[in-house]
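Let me begin by presenting the structure, written as structure tokens, before commenting on it.
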Amino acid sequence: MGFLDTLLGRTKPVQPKLDDLFALPSAAITLQASSGFIPTGSGSVCFRSVEGKTFSDIESDVRDLLNMDAGKPGGGLPVEVTRDSYGYTWLVSSHLSDELDGLVTDLHAVNSALVDNGFGPQLLCTLVAFRDERERRLALVYLYKRGTFYPFAPLSGQQRDNALEIQIKNALADDLKIEQDLTRWFPVWGAPGM
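Residue numbers for the sequence shown follow our numbering, beginning at 98 and rising by one.
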């Protein structure tokens with residue numbers, strides 16, 4: 098990036114590191130110790146669908162692969178695919194709550210398949226759901242285009258627990274690359290997998 102790019106405000110996009118998703122199991126240990134949140138076993142990948150046979154073949158192949166793993170001992174539950182009102186597709190993978198490694202592997206496989214086939218720009222985010230003993234919900238959201246994580250703690254209605262989100266941000270600062278720009282902490286209301 099040159100001087101004129103900096104002066105004119107042009108920047109290179111951050112290159113995501115999908116392997117950062119594999120930091121989630123150790124971050125979950127920190128999260129449980131610091132705030133009592135444990136994984137629910139559910140997570141999802143959100144992406145914008147593209148018309149065309151190539152994309153639908155990839156989506157079908159990923160779904161078949163994850164559903165095939167679901168039938169094996171230790172595999173997760175069948176994968177669920179939903180579409181939201183904004184036109185995004187959510188691929189939801191579920192495992193037992195103590196199988197976070199398997200869940201993260203599934204989510205990584207979905208992301209990698211899309212990236213490897215040239216559909217990386219269609220990825221929006223990946224999330225992994227958590228709950229505590231008071232039944233509060235929390236998601237750790239990975240922003241593909243930023244290569245960062247942020248916590249999302251919804252309350253009833255269209256409210257969020259900002260204080261809890263900041264507490265989680267501080268607790269996981271050493272475990273995950275946390276998004277520092279709070280305006281990028283987009284609410285994912287009604288996200289499948291939460």
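Glycine is no exception: its CB is placed at the ideal position from the N, C-alpha and C atoms. Please read these numbers as outputs of a predicted model, since none were measured by experiment.
Taking 8 Å as the cut-off, the beta carbon of Ala124 is found no closer than this to the beta carbon of Asp258. For Ala268, the enclosing alpha helix (DSSP H) has its first and last residue at 259-268. Assigned with DSSP and collapsed to three states, Phe144 falls in strand.
Three or more Cβ pairs closer than 8 Å define a contact, and the stretch 206-221 falls short of that threshold against the stretch 129-138.
Spanning the alpha carbons of Asp203 and Tyr183 requires a straight line of approximately 24 Å. Per DSSP, reduced to three states, the secondary structure at Phe119 is helical. In this structure, the straight-line span from the alpha carbon of Ala210 to that of Val142 is close to 12 Å. Boundaries of the beta strand (DSSP E) harbouring Ser191: 185-191, taken from the DSSP string.
Of all alpha-carbon atoms in Asn208, Gly290, Leu237, Thr223, the one lying nearest the alpha-carbon of Ile265 is that of Leu237.
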